[in-house]
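Here's the structure, in structure tokens; my notes come after.
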């Protein structure tokens, strides 16, 4: 319970309009996109500048009030779900792009800038910010950094961490910590920006972030290949990679997802196909033409029954429509959609796909699988109804099994959604007890009152 | 009803629809209100979670939830872009009915909705008196746009530049009409709607002219009543039902091929919301509602879909005046009607059609939203105004009188010289 006097203090500091105390307003920040129960926070705060942000954090620390920072609330692992005695700290009041530097290829942003708006502003200057998480239309850049968000272009362009050059963030005392720089090279001090990336709000609170920009590719070519066997598409993926071709995107849809997309979008997909690959190569036009030719040869060699290369921007758009529709098409089939992101080394994709099918059969569940075949990050999507208690128990068991298989294949619990609350109990299976103890010591030293998103990632 | 348990039970009836929401938050990217306020309670996901909170008894502040639920344009942008197909408008309307039944109607709304709107003849009389006396209170603001503003300080009118009430409402000008099908072989029932009747009778006359030109017979009973959306969006189910019944009676069991309206909101209300609430009526009434709803369409969609207006565009004459088009949310997002009104404009030889940016973004009117949240409504509207002006068009056309009022207000307040017309007015003017 936060006292009336303290609420007054917050109101004086932030302005009454940026302090939400009413139950109905707080309820709107009790959840994120994970399938987890909501928790009503004690208070919701929206600082509108750096100075106020720093002081707000200090005031929380002085009173041992837990802080859960919230961007757009699109987290899929519960990282943005607050504590009942804690505050939700909104980044929406700090959402300016401070600089896009065309000479030195970087940008400086406030935490609450929307990813897609930023990408568009960068594109308008003739530059490119590649990370494109599925939620980019609403997700915020600080949220992307805090989760190390990925996306469809990870295979060639990497993920959010590959674009973080530096940042300022506040520690629990409200002191500003600076790290990294606007230079390509920088080894001044520890790599705290690295620590903060994927920190899920547990180590500090972002104030400004410096992001790397790159020149955009001059040309791209999208292709679609259809297979009658799962093996054909899996082999194609390995062959493309071993031929030293790095497509910017290499996506797979399984038969169930293909049928769902076709029912939903009527895109003319072959519903009897075992799997579908969507491939895009980009770069210099000559390179694109050469690589596209090689990709086609590899697809045909591995027995694809249909191959289609987009000849225009419109056709390219149509190729990607199938991928964009995947989640929507699946989500409409049952009330609850559990989207997982266990990731394996890409050579293990065939094993993983088979294992997911076996798990679906074992627990009599509907699982559609699609995702980033090129980087080993699949999205097994469990379609269920969380109100069906018996089925929900089987869903939880299936999730356990999916994680076990991923780890046994040398993979990881989460490719891009984060650990948050949803996966923290599996963490020891992957990194071991000593790693968790090390992280807890680090956390204790940085955040002695345990106010920074407590309970997330490493428990406690 | 003040029994919280009963409220919870009622809200549980929405559970099947609410669980479909996977809380992905993508509605934030399209909600015109969220773009202004950045408040999660203003966007569909937030509202659904508030209702979920009430129904799971996580929160008890019914009035607080109701206020936030009411803070919505009901434009349907969220539903049109929802990846998991949540029927957001249906959830919100039904929840408003449930919460209103629990909380009761406010005194003002009770007076307006149950005291006047639900009694069409009385409502007509009140507004006719209003039309005669309005000149005492208002003065002209823009000659081109035909707007007025308040002469005296009025909290109700505020800064609005509004369209005055018509001297003689449409139904008085025309009475009832019943003409046989002409050379098209088609007969249309004409539902004009309140705003055409009381503010824009020229739209009604334009519809009649166009139908006559294309050889379409008209059945237009003057006993028709409001489509019920102001009552329904206030959660006033009894008034809504009275209005639906009045209309069922007016249009009766006459035979016609389509029921056409020049109002996007009336069209989507009759076509979508009436059947949505059919379960609240008797079996016979529900059957009649479904038949009528299936026949209801926008006037432009009727003309193009039945082949009366060519699907090809005509080459505009040199030096033609430019015209642009605003997509009313209730046509494009609710009913997916967006090509047909443009086709009409492209069939006017004296007009050159140009697209504006964000043609389908909400104008911010939202019916009673404009009355209750004028500043937010105007902020959304001003963005629309900027896109209209940037298109360079001499005229902005649309398919909804409510959007016309909102765009007129925005343009008039900035002193712009862009005319606002209904598509059917522009099309009718070009017919000999």
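Chains as they are written, first to last, in my numbering: chain B, 5 to 464; chain A, 10 to 441. Note that beta-carbon positions come from the ideal geometry of N, C-alpha and C, so glycine has one too.
- In the DSSP assignment, residue 36(A) falls outside any beta strand (DSSP E) and carries neither an H nor an E.
- Note that the C-beta distance between residue 354(B) and residue 415(B) is not below 8 Å.
- DSSP lists no bridge partner for residue 116(A).
- In the assembly as shown, residue 194(B) is an exposed residue. Its beta-carbon has fewer than 16 other beta-carbons within 10 Å.
- When C-beta atoms of the stretch 194-208 of chain B are compared with those of the stretch 140-156 of chain B, three or more pairs fall below 8 Å, so the two segments count as touching.
- Residue contact check for residue 37(A) against chain B: a CB pair falls below 8 Å.
- Setting aside the 5 residues that flank it on each side, residue 31(B) is surrounded in the same chain by 42, 44, each with a C-beta closer than 8 Å to its C-beta; the list follows chain order.
- Excluding its 5 nearest sequence neighbours in each direction, residue 125(B) has C-beta neighbours in its own chain below 7 Å: 101, 104, listed in chain order.
- Cβ-Cβ distances below 6 Å link residue 37(A) to 43, 52 in the same chain, with the five nearest sequence neighbours on each side left out; the list follows chain order.
- Close CB contacts of residue 264(B) within its chain, under the 7 Å cut and outside five residues either way in sequence, are with 333, 334, 337, 372 (chain order).
- At the C-beta level, residue 73(A) and residue 27(B) come within 8 Å of one another.
- For residue 155(B), the CB contacts under 6 Å within the same chain, skipping 5 residues up- and downstream, are 135, 136, 137 in chain order.
- At least one C-beta of chain B is nearer than 8 Å to the C-beta of residue 29(A).
- By alpha-carbon distance to residue 218(B), the top candidate from 160(B), 68(B), 403(B), 245(B) is 160(B).
- Residue 228(B) is positioned such that its CB atom lies no closer than 8 Å to that of residue 291(B).
- By the criterion of a C-beta distance shorter than 8 Å, residue 418(B) is surrounded in its chain by 81, 345, 346, 347, 427, once the five residues flanking it on both sides are discounted.
- Assignment of beta-bridge partners to residue 310(B) by DSSP yields 230(B).
- Setting aside the 5 residues that flank it on each side, residue 173(A) is surrounded in the same chain by 143, 157, each with a C-beta closer than 6 Å to its C-beta; the list follows chain order.
- CA-CA distance, residue 182(B) to residue 78(B), rounds to 27 Å.
- Residue burial annotation: residue 223(A) is buried, with at least 16 other C-beta atoms found within 10 angstroms of its C-beta.
- Pairing residue 200(A) with residue 410(A) gives a Cβ-Cβ distance that is not under 8 Å.
- Under a 10 Å Cβ-count criterion, residue 255(B) is classified as buried, with 16 or more other Cβ atoms of the shown protein chains found around its own Cβ.
- Note that the C-beta distance between residue 143(B) and residue 164(B) is not below 8 Å.
- If you draw a 10 Å sphere on the C-beta of residue 146(A), you find fewer than 16 other C-beta atoms in it, and that means exposed.
- Taking 8 Å as the cut-off, the beta carbon of residue 114(B) is found closer than this to the beta carbon of residue 212(B).
- Around the beta carbon of residue 394(B), a 10 Å sphere encloses fewer than 16 other beta carbons of the protein chains shown; the residue is thus reported as exposed.
- A contact between stretches requires three or more CB pairs, one per stretch, nearer than 8 Å, and the stretch 210-217 of chain A fails this requirement with the stretch 244-255 of chain A.
- Residues of the stretch 415-435 of chain B that bring their beta carbon within less than 9 Å of a beta carbon in chain A are absent altogether.
- Less than 8 Å separates the beta-carbon of residue 421(A) from that of residue 150(A).
- In terms of Cβ geometry, residue 396(B) and residue 385(B) do not form a close pair [threshold 8 Å].
- Judged by their CB atoms, residue 352(B) and residue 280(B) are not nearer to each other than the 8 Å cut-off.
- Residue pairing by DSSP places residue 110(B) opposite 105(B), 216(B) in a beta bridge.
- According to the DSSP secondary-structure assignment, residue 224(B) is paired through a beta bridge with 286(B).
- Boundaries for residue 436(A): no beta strand (DSSP E) harbours it, while the alpha helix (DSSP H) harbouring it runs 432-438, taken from the DSSP string.
- For residue 197(A), the beta-bridge partners assigned by DSSP are 227(A), 267(A).
- The stretch 395-405 of chain A makes no contact with the stretch 267-284 of chain A; the number of CB pairs closer than 8 Å stays below 3.
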